[in-house]
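Numbering-wise, the numbering used here comes out as the position in the sequence shown, counting from 1, plus 5.
Even for Gly, the Cβ is constructed at its ideal location relative to N, Cα and C.
Just so we're clear, the structure is a prediction, and the values are computed from it rather than from any experiment.
See below for the structure under consideration.
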Amino acid sequence: MSASGQADLVIVANRLPVDRVPEAEGGGWRPSPGGLVSALEPVLRANDGAWIGWPGDTEEELEPFVENDMSLVPVHLTAQEVEEFYEGFSNGTLWPLYHDVVAKPRFHREWWDSYVTVNRRFAAKAADVAAKDATVWVHDYQLQLVPQMLRELRPDLRIGFYLHIPFPPGELFQQLPWRRQILEGLLGADVVGFQLPGGAQNFIRLVRQRVGHKTHRDLVYLPDDRTVRAAAYPISIDAAGYEKLARSDAVDERAAEIREALGNPSKLFLGVDRLDYTKGIIARLRAFGELVADGELDVEDAIFVQVATPSRERVEQYILIREEIEQLVGRVNGDLGRIGRPAISYLHTSYPREEMAALYRAADVMVVTPYRDGMNLVAKEYVACRYDDDGALVLSEFAGAANELRQAWLVNPYDINGLKQTLLDASRSTAKERTRRMRAMRKTVVENDVNAWAASFLEELSQVRESHGKPLRPARGS
Ligand code: F6P
6 MSASGQADLV IVANRLPVDR VPEAEGGGWR PSPGGLVSAL EPVLRANDGA WIGWPGDTEE
66 ELEPFVENDM SLVPVHLTAQ EVEEFYEGFS NGTLWPLYHD VVAKPRFHRE WWDSYVTVNR
126 RFAAKAADVA AKDATVWVHD YQLQLVPQML RELRPDLRIG FYLHIPFPPG ELFQQLPWRR
186 QILEGLLGAD VVGFQLPGGA QNFIRLVRQR VGHKTHRDLV YLPDDRTVRA AAYPISIDAA
246 GYEKLARSDA VDERAAEIRE ALGNPSKLFL GVDRLDYTKG IIARLRAFGE LVADGELDVE
306 DAIFVQVATP SRERVEQYIL IREEIEQLVG RVNGDLGRIG RPAISYLHTS YPREEMAALY
366 RAADVMVVTP YRDGMNLVAK EYVACRYDDD GALVLSEFAG AANELRQAWL VNPYDINGLK
426 QTLLDASRST AKERTRRMRA MRKTVVENDV NAWAASFLEE LSQVRESHGK PLRPARGS
């Protein structure tokens, strides 16, 4: 960021990469939850850019500040906006709608009004912070109107948008009363990025049908001579960073300590998720509990460690799923546990990266079973940490990561018997089989890391603007 306070690369996301710690808990800052932040932090550092986002509370309005060498520009939300824009429209309407309606989306006009107001505030802030001809990269479903609003304010900018969650098929998207405004909002970007080709195709089809623009493969031709590219750029992680951490003595010792504290089971199953109803936590715990009840697994010898990071705790669906998970854990442990040997070790908390790496190193079977997930970076983190080419990954077909991690034990989380069998297959696999699969997955994750992801998106963005006004050719292979 320059002395003028303007930046050539501006990241705009709902959250800042750090979250305010309440004064009652000691104050200061801690890393924000979720994969988006961990993916983008290295990009911001590499480009000396600025990051615009919400600091996670509604206390006083903060001035721009530097934390951990990152230039951060806070956007203030009122308590009512947190309720209507964040918990309401973003997480009570869009989140379930975009995740295959796993929970019922709620449509409220006042939530929409708040979404528009807050998106306008983010766009105005980005217009202030971006230097002339800068690149602004807007992220995720909370900010889908920002590209168009920002383009109106600053036509000189190069604007990219990336959706971290799935983009649904037309049959679902069309339920949204504000579907046209969302599509037009996104079309303010030069490049609209999705996790999977299917999401990009859903978007292009909807733009043609609902907004009436001409499209050809991955391109949309707008009446003002602008061309928008909509394509897939599957997100990834800092694979080398995770591997380095996993190789450290501290993580190695901690992994051994964790196994020891759990009674050195011969099979340690692990789940790590934000506590969200899309993640399929109930399905996997039920499958595991049944395997113990059936006598296929023994609590003297096997344990399931489930880390569930607190998330969106005031949204009704999240309150309900937490109750359901905790009841299930209580029931399974009450029915099947023995003294000092619970079947499930449930941890409702978040851990720093070091502890996560140690858990990944300690786990024999990593269980990732979302009903729908944009990518799921936990699956990739597990693979990155298994430099020993060991460990089994059980992965839902409905996670974006399944497109790349084909050698995982793939499952349909709706099929509990299939899930049970897959957990057994993975846990009883030979070392040779695990090595074969893990080696192939590690190659994928190492070659396609977060730097490659960001570089390919930003490269595409620079090309679109260079040919501004001239018709573009569709990307090869699209
Ligand atoms: O990638 C999905 C996402 O919703 C991000 O946009 C977000 O930062 C993360 O998950 C965590 O969710 P929240 O910001 O609602 O805590």
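Unbroken beta strand (DSSP E) run spanning residue i, endpoints
i: tryptophan 142; result: 135-144
i: tryptophan 414; result: 414-416
i: serine 401; result: 397-401
i: glutamate 72; result: 70-72
i: lysine 272; result: 272-279
i: lysine 249; result: That residue, lysine 249, is in no beta strand (DSSP E); its alpha helix (DSSP H) goes 244-252.
i: valine 310; result: 307-314
i: tyrosine 351; result: 349-352
i: methionine 371; result: 370-373
i: leucine 77; result: 75-79
i: alanine 18; result: 12-20
Cβ-based burial, residue i [other Cβ within 10 Å; buried from 16]
i: isoleucine 263; result: buried
i: arginine 289; result: buried
i: arginine 441; result: exposed
i: threonine 83; result: exposed
i: isoleucine 164; result: buried
i: valine 71; result: exposed
i: proline 315; result: exposed
i: serine 253; result: exposed
i: arginine 126; result: buried
i: glycine 474; result: Because the pLDDT at glycine 474 is just 48, under 50, the model does not fix this residue reliably, and the point stays unresolved.
i: arginine 481; result: Legend: pLDDT at arginine 481 = 48, less than 50; position of this residue unreliable, value from coordinates given subsequently. Exposed, by the Cβ-count rule.
i: alanine 271; result: The residue you asked about is not alanine; residue 271 is serine in the sequence shown. By the neighbour-count rule (16 or more Cβ atoms within 10 Å), serine 271 is not buried but exposed.
i: threonine 122; result: exposed
i: alanine 29; result: exposed
i: glutamine 179; result: exposed
Enclosing alpha helix (DSSP H) for residue i [first to last residue]
i: glycine 40; result: 40-52
i: glycine 193; result: Where glycine 193 is concerned, there is no enclosing alpha helix (DSSP H), given that its DSSP letter is neither H nor E.
i: phenylalanine 4; result: What the structure shows of the chain is the stretch from 6 to 483, and residue 4 is not part of that stretch, so it cannot be assessed.
i: arginine 391; result: Note, arginine 391: premise wrong, no alpha helix (DSSP H); not H, not E.
i: proline 101; result: 100-103
Inter-residue CB distance, residue i and residue j (contact presumed, cutoff 8 Å)
i: arginine 213; j: proline 38; result: Not a contact, Cβ separation roughly 36 Å.
i: valine 450; j: alanine 266; result: Not really, about 29 Å apart at Cβ, beyond 8 Å.
i: isoleucine 286; j: alanine 313; result: 7 Å
i: alanine 205; j: alanine 237; result: 5 Å
i: valine 310; j: proline 47; result: Actually they do not touch by this definition, with Cβ atoms about 28 Å apart.
i: arginine 346; j: valine 304; result: 5 Å
i: valine 78; j: tryptophan 59; result: Their Cβ separation, rounded to whole angstroms, is 11 Å, which puts valine 78 and tryptophan 59 out of contact at 8 Å.
i: methionine 446; j: leucine 410; result: 5 Å
Ligand 2 heavy atom lying under 7 Å from the CB of residue i
i: aspartate 105; result: Absent from the structure shown: ligand 2. Ligands present: ligand 1.
Chain C contact for residue i (CB, 8 Å cutoff)
i: valine 450; result: The structure shown contains no chain C; it holds only a single protein chain.
>> Between the stretch 144-157 and the stretch 167-185, can you find at least three pairs of beta-carbon atoms closer than 8 Å?
In response: Cβ pair count under 8 Å is three or more, so yes.
> How about the stretch 126-133 and the stretch 98-118: do they share at least three Cβ pairs that are nearer than 8 Å?
Replying inline: no
> Which whole runs of the alpha helix (DSSP H) in the stretch 145-227 are 4 residues long or more, in chain order?
Replying inline: 151-158, 175-178, 184-191 and 202-211
>> Would the stretch 215-229 count as touching the stretch 383-398 if we require 3 or more Cβ pairs under 8 Å?
In response: No contact exists between the stretch 215-229 and the stretch 383-398.
>> Restricting to runs no shorter than 3 residues, where is the beta strand (DSSP E) found entirely within the stretch 412-464?
In response: 414-416
> Is the stretch 288-302 touching the stretch 65-80 in the sense that three or more CB pairs, one from each, lie closer than 8 Å?
Replying inline: Inter-segment contact for the stretch 65-80 and the stretch 288-302 is absent: fewer than three beta-carbon pairs are separated by less than 8 Å.
>> Under 8 Å: do the stretch 365-382 and the stretch 11-26 share three or more Cβ pairs, one atom per stretch?
In response: no
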